[in-house]
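>
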Amino acid sequence: MSRRGPACLRWGVTVALWLCGLVWAVDTTQLPDPALQARYEVLTHELRCMQCQNESLADSPVDLAADLRREVRDQLLAGKSDAQIRAWMAARYGDFILFRPRFSLRNAWLWGAPAVLLLVGVIVAWRVVRERTALLADDHEPLDEDGG
Amino acid sequence: MLPELGHFALILALLLAALQAFFGIAGAHYARARWMGAVVPAVAGHAVMVATAVGCLIACFVGNDFSVAYVAENSNSALPLFYRVTALWGAHEGSLLLWILLLALWTVAVVIGAQRLPERFAARVLGVLGIVSLGFLLFTLATSNPFLRLDPPAPDGRDLNPILQDPGLAVHPPILYTGYVGFAVAFAFACAAMLEGKLDQHWARWTRPWTTVAWAFLTCGIALGSFWAYYELGWGGFWFWDPVENASFMPWLVGTALIHSLAVTDKRGLFKSWTLLLAIVAFSLSMLGTFLVRSGVLVSVHSFAADPARGVFILAFLVIMVGGALTLYAWRAPLLKSQAGFELGARESFLLFNNVLLVIAAATVFAGTLAPLISDTLKLGTLSVGPPYFNPTFMLSMLPLMALLSVGIHANWKRGRLQDKTRLLLYTFVAAAVLGTGLVYGIYAPGSLLSAVGATLGIWIALSSLVDPLERLWRGLSLPRAVLGMTLAHLGIALAVIALTTVQSFTVERDVALAPGASAHVAGYDFRFDGVRPVEGANYQALAASVLVSYQGTRVALLEPQKRQYWVQRQVTSETAIKMHHGNNVLLALGEDLGAGRWSLRIQVRPLVSLVWIAAFIMALGGSLAASDRRYRTARVAEAPALAGTLEQPG
Amino acid sequence: MNRFLLPLGIFLLLVVVLAIGIKHSPDKGTIASPLLGKPAPQFALPSLADPSRQVRSQDLKGRWYLFNVWGTWCGECRAEHATLLQVSRAGVLPVIGLDWKDSDEEARAWLSQLGNPYQAVAVDRNGRTAIDWGVYGAPETFLVNPQGVVVYKHIGAVTLATWTHEILPRVTAPATGS
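Below is the structure:
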């Protein structure tokens, strides 16, 4: 489970990668309105840090994350909606910056997968139970009652 | 000298694994007693060689032999002895060696524990395990040799990654890998059955204890990893749906389905081909996990340094092993139809639902984990999947399962006779709902729907699980370990549901900026910051903050979160301070120096989070207990019993 | 059709996906820029050479240019500097620099010491412009066409190979879009 130190930069770009995962940002931003503060916290947790790609903006210690957090704060204070802020971020960094993938035709298969699987599961279960219930009448094998 | 010895030992181990594989499979196929007799010595020799190789590498670490590249990359003369030993599995090459060692040990365990198995079947099992060992050894020697030398030797090592300089490293990987590798045994049993062309209830009875014990280890391994992340990494998070975490969770989900499916196959001879498939899939997911972590295919904080060449090798190995097993499956499974029946309300039904929901959960996690890769490959754009996807979709399949558990546990085999239990079901449900909702809204006002649902389901499971054992004790009946173990494991899951939903709903997190002497008030606790002072460690220097924590005026603890800088790698890490109080976990992490003595601090209060790991250990304990039941230590079974898995005759 | 072949079929499909994944993995960290094919973000920033004057995107309309994000703190930027000098000497198109989150003093010293490939350097002290361009590391280089549309983005150090195979062909290709 080793990650190399500053000498090895994964994609040849100088980013403060070595900070990722070792230190966290402690974000003491306080917005005047508690509702705005709550939205700020949700947004910064749902946006990905593009340098420490497994961390949210809220947790990432790198400068870029601090800049983007400031951006979220400024836009909230300017009255933008959550959707507008997310769209603004995605327009610059692509959908990858969103931890919660936006529902679109391209993502539909991912969001639909659990429902489809559930449907398939229900059908399979129903068919098996029906088949076995039908066999029950002819099944006279004694049961070994040792429990479990 | 030592590295050469270790290297040589690995080569010998490879040869012995090849012999084990050959004599096992060919010996059983041609029914040659002499060949089959050579398998056990091959296993023993292989284990000794692997142990020798591991011993040599440990000796290199302890002796600070920096002429070995792997030691130079992962150790340092200032590194404490304990970490010099555990650094063995701190990076890719060494962790593979650990895998191979554990596989050798499991194989030896099978030899010892399976003495009552028919000779040809046992030979096949060991032969398949030999093939797996062979593959991993080839991979190691070809692409990931830990004994490669540096010329000239490094003057000192680059030190172990500071995050890994923690007791967690000593336990998490070995226990986790024991679980992963343990599923190879179930896989081998499945392949052996398919090679033989028959599968009967004896097979299920043989396979069950091995699978359950592997599952127990995996449960502990995952819990330890989660706990380690929690206190070491400092965000207070314990599960991130990170690809590597998912890589261990998927085999766990399928493994859970497998142990339940094995119960049905054992008891009624049903679901045979399904159980076979699950055994193959569980181990395949273990192997897939190995692939994902090392090939650079997915972005993850946990990944080893990416190397596409290694990815190709593992993929080829996967194709041979899993592709081979699934081909065998396609060939043999159609013959395994049984004619047993059961009704809708029977235990078999509920175990069927259990399997369906667990497999759906595993498939959902699978889809989410691989979605970025799939989306990229099909040119559908860069997709990003995180907790906002996994959390709701996981609950979608798991919450119904939790409800079904409380009902299904009362169902009898074949004819459920749940009609007799309607009053019991009603009473237990009402009691659970009242207790659960009451406690949640009482203790954690203003409460939350998720937590109330979780508490209700959890308490209902606990009450339902206790009915049968208590009834047995009341009536003076025996309480076999299998039943006791099952009860314990189900109590564990009840606890987990309660804990997880509570943590999810009531965690409070605040980031504050404090000057010395100032206080913050979070979730009922007061935190008084008393400044920061320098501290020296064995191979680091640190700044430790002093924070006095009190609850309603009473002092709870003096916590000292630190920021450390390790001398060699010059990395800065944050050490959290944690205190348990009244079932809450209070965490403190030190942030930044804001100037003029002010510092930022992250404060988190997480109720009941410790219960999550306690629940996992209870589950593992239950599983181990159940696996030790007397019924699994049966008398020797004669070769080729009349009741085979093909056309069954009743009675 | 044997339905028991289904698991094998699904598995082989998975293997294909994973194999393609390995093939692409060297570029795993690079995210496709959503700016490709879109108008380049507007900016008006102080110039490094003379802070009282501005470097503005609207002044650059009408011709191809390279927009290179760099900083003195960035090791890879130093590595690509020689290539950028060659590119600017070739005279095919101007290189506009964006000095990202840097100190003016150090930037000027750096350029006078190592050579200045830039026709102009815009100073982005607070990082706002870099964010507009979707920059998440340095160096990053964008190719903008005369209509002001971003046609190519390169993440990491620009090499001669990048110049010859990616940038030059796009600039000298017949003007039928990017």
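In order, the protein sequences belong to chains A, B and C.
Sequential numbering of the first sequence, starting at 36, is according to our numbering.
Sequential numbering of the second sequence, starting at 46, is according to our numbering.
Sequential numbering of the third sequence, starting at 120, is according to our numbering.
Heads up, the beta-carbon is just placed ideally off N, CA and C, and yes, glycines get one too.
Below 6 Å CB to CB, which residues in the same chain sit around B:L148 once its five sequence neighbours on both sides are set aside?
The answer, listed in chain order, is S178, V226.
> Could you check if A:V77 is buried or exposed, using at least 16 other CB atoms within 10 Å of its CB as the buried criterion?
It is exposed - the Cβ of A:V77 has fewer than 16 other Cβ atoms within 10 Å.
> Can you confirm whether A:D102, when its beta carbon is compared against all beta carbons of chain C, has any partner nearer than 8 Å?
Closer than 8 Å: yes.
> Could you tell me whether the stretch 170 to 177 of chain B touches the stretch 60 to 71 of chain B, using the rule of 3 or more Cβ pairs below 8 Å?
Yes: at least three Cβ pairs fall under 8 Å.
> So, at 6 Å on beta carbons, what are the nonlocal neighbours of C:W229 in its own chain, with the 5 sequence-adjacent residues on each side left out?
If we look at C:W229 and ignore the five residues flanking it on each side, its Cβ neighbours are T191.
> Could you check what DSSP says for B:M531 in three-state terms: helix, strand or coil?
B:M531 falls in the helix class under three-state DSSP.
> Taking the CB atoms as reference points, tell me whether A:L99 and A:Q86 lie closer together than 8 Å.
Going by C-beta atoms, A:L99 is nearer than 8 Å to A:Q86.
> In the DSSP assignment, find the beta strand (DSSP E) that holds B:Y596 and state where it starts and stops.
Per DSSP, B:Y596 belongs to the beta strand (DSSP E) from 585 to 596.
> If you measure from the beta carbon of C:A151 to each beta carbon in chain A, is any gap under 8 Å?
Cβ-Cβ to chain A under 8 Å: yes for C:A151.
> So, for B:A104: in the same chain, excluding its five sequence neighbours on each side, which residues have a beta-carbon less than 7 Å away from its beta-carbon?
Within the same chain, B:A104 has close Cβ partners L47.
> Answer with yes or no whether the minimum CB distance from A:L99 to chain C is below 8 Å.
Chain C, which has a Cβ nearer than 8 Å to the Cβ of A:L99, makes this yes.
> I need the straight-line Cα distance from B:Y611 to B:W255, nearest angstrom please.
Computed Cα separation, rounded: 43 Å.
> In terms of DSSP beta bridges, what is C:F261 paired with?
BP columns for C:F261 point to C:F186, C:K272.
> May I ask you to list, following chain order, the residues of the stretch 140 to 163 of chain B that have a beta carbon less than 7 Å from some beta carbon of chain C?
Listed by position, the residues of the stretch 140 to 163 of chain B near chain C (Cβ gap below 7 Å) amount to none.
> Looking at chain B, is there any beta carbon in it that lies within less than 8 Å of the beta carbon of C:L137?
It does; some Cβ of chain B falls within 8 Å.
> Taking 8 Å as the threshold (C-beta atoms), are B:G139 and B:F362 in contact?
Not closer than 8 Å, so no.
> What does the alpha-carbon distance come out to for the pair B:T335 and B:R250?
Answer to the nearest angstrom: the Cα atoms are 29 Å apart.
> Among B:L59, B:E118, B:T501, which one has its Cα closest to the Cα of B:D201?
Ranking B:L59, B:E118, B:T501 by Cα distance to B:D201 puts B:E118 first.
> Applying a beta-carbon distance threshold of less than 7 Å, which residues of chain B neighbour A:A148?
T409, A412, listed in chain order.
> List, in chain order, every chain A residue whose beta-carbon is nearer than 7 Å to that of B:P433.
Per Cβ cutoff of 7 Å: E81, F134, R135.
> Anyone know if the C-beta pair for B:V542 and B:L502 falls short of 8 Å?
Contact: yes.
> Taking any Cβ of chain A, which residues in the stretch 383 to 398 of chain B have a Cβ under 8 Å from it, in chain order?
Cβ contacts with chain A: Q384, A385, G386, F387, E388, L389, E393, S394, L397, F398.
> When the Cα atoms are used, what is the spatial distance from B:P379 to C:A276?
When rounded, the distance between both Cα atoms is 58 Å.
> Whose C-alpha, out of B:L423, B:P417, B:S442, is nearest the C-alpha of B:V431?
The sequence given here places Gly at residue 431 of chain B; Val does not occur at that position. Of the candidates B:L423, B:P417, B:S442, the one whose C-alpha sits nearest the C-alpha of B:G431 is B:P417.
> Quick check on this structure: which residue in C:F162, C:L133, C:V263 has the alpha carbon closest to the alpha carbon of C:Q173?
Closest option to C:Q173, Cα to Cα, is C:F162.
> Quick one: is C:H273 buried, meaning 16 or more other Cβ sit within 10 Å of its Cβ, or exposed?
It is buried - the Cβ of C:H273 has at least 16 other Cβ atoms within 10 Å.
> In three-state terms, what does DSSP make of B:T599?
B:T599: strand per DSSP, three-state reduction.
> Assuming the contact rule is C-beta atoms closer than 8 Å, B:H52 and B:F192 should be a hit. Round their C-beta distance to whole Å, please.
That pair is a contact at about 4 Å.
> Please report the straight-line C-alpha distance between C:A151 and B:I419, rounded to a whole angstrom.
Cα-Cα distance, rounded: 15 Å.
> Put C:C164 into one of helix, strand or coil per three-state DSSP.
Contrary to the premise, residue 164 of chain C reads as Leu rather than Cys in this sequence. Here C:L164 sits in strand by DSSP.
> Between which residues of its own chain and B:S442 is the CB-CB distance below 8 Å, once the five residues before and five after are set aside?
Cβ within range, chain order: L402, L403, I405, A406, T409.
> Starting from the beta carbon of B:A237, find every residue of chain C whose beta carbon is closer than 7 Å, and list them in chain order.
Correct list: empty, because the minimum Cβ distance to chain C is about 18 Å.
> Return the chain-ordered list of same chain residues with a C-beta closer than 6 Å to the C-beta of B:A534, the five sequence neighbours on each side being excluded.
Only M664, G667, G668 meet the Cβ criterion.
> Nearest by alpha-carbon distance to B:L57: which of B:A76, B:H74, B:A89 is it?
Residue B:A89 is the option with its Cα nearest to B:L57.
> Do you know whose CA, among C:L203, C:F186, C:T202, C:Q238, lies nearest C:V269's CA?
When only C-alpha atoms are compared, the closest one is C:F186.
> Does any CB atom of chain D fall closer than 8 Å to the CB of B:T185?
Reference to chain D is not applicable here, since the protein chains of this structure are A, B and C.
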